[in-house]
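Written out below as structure tokens is the structure these notes cover.
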Amino acid sequence: MIESWLEAGKTAHQSGDLEAARAAYDRVLAAAPQNLEALYLIGALAYQLKDFDRAIPYLQDCVRLDPRHVPALDALSAALIAAHRPQDASVVAGKLVALQPNDSRFWHELAVAYRLAGDFADAAYAFRQALALDPTRSNSSAGLAQSLFAMRQLPEAAIAYDQAIALAPSSIGLR
């Protein structure tokens, strides 16, 4: 029964019937409160709906059950950033980086959390790591420029800003 509810939730989720998906995931969790997949999916659904206060506890429960669940860690870090909890997000993003140190996305996410927390030196380091792994990340170049500017390292900030513009010349946010 649980598997059929879970499949019904995934089908509804994929087809855009988010209310039906939520109801199916709720049914699964009522019957099996520690169902890892349902915890992740309902947390991801709440994040998709920008209901971060609802997403965070589900994703935290998922990560408590499986501390190496990369999709849940990723969604949790993003939800914490969106909920204006950058210190908490930096802890979670740090776990992502430890699990997958060669993924530029996770270095970027860690850098964003640091920058939002006002830790510009660590943000600059993490943005540089993201760029070392993927030099085409204009958002990492822009974040590096912002972090360097905040630390009053103006010549380096200008170089990073120019790199961001070169990577994404039509990006209005960089002008």
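The working numbering numbers the first residue of the sequence shown as 19 and each following residue consecutively. Note that the Cβ used here is the ideal one computed from N, Cα and C, for glycine as well. Just so you know, these numbers come straight off a predicted model, no measurement behind them.
- CA-to-CA, the gap between Asp71 and Glu21 works out to about 27 angstroms.
- The residues Asn120, Asp121, Ser122 and Trp125, in chain order, have a CB closer than 8 angstroms to that of Leu151 in the same chain once the five nearest residues on each side in sequence are set aside.
- Less than 8 angstroms divides the Cβ of Ser158 from the Cβ of Phe145.
- Counted as a single uninterrupted DSSP element, the alpha helix (DSSP H) harbouring Lys28 occupies residues Ile20 to Ser33.
- A distance below 7 angstroms between beta-carbons, with the five flanking residues on each side excluded, links Leu134 to the following residues of its chain, in chain order: Ile99 and Pro104.
- A Cβ-Cβ separation of about 4 angstroms places Tyr179 in contact with Ala163 under the 8 angstroms criterion.
- Looking at the backbone, the Cα of Val88 and that of Lys68 are separated by about 20 angstroms.
- Looking only at Ala62, Glu174 and Cys80, the smallest Cα-Cα distance to Asn53 is reached by Cys80.
- Taking a contact as a CB-CB distance under 8 angstroms, the pair Val115 and Gly161 does not count as one, their CB atoms being some 15 angstroms apart.
- For the 8 angstroms CB-CB criterion, Ala30 and Ala38 form a contact.
- Spanning the alpha carbons of Phe138 and Glu25 requires a straight line of approximately 44 angstroms.
- The C-alpha of Leu117 lies about 31 angstroms from the C-alpha of Leu36.
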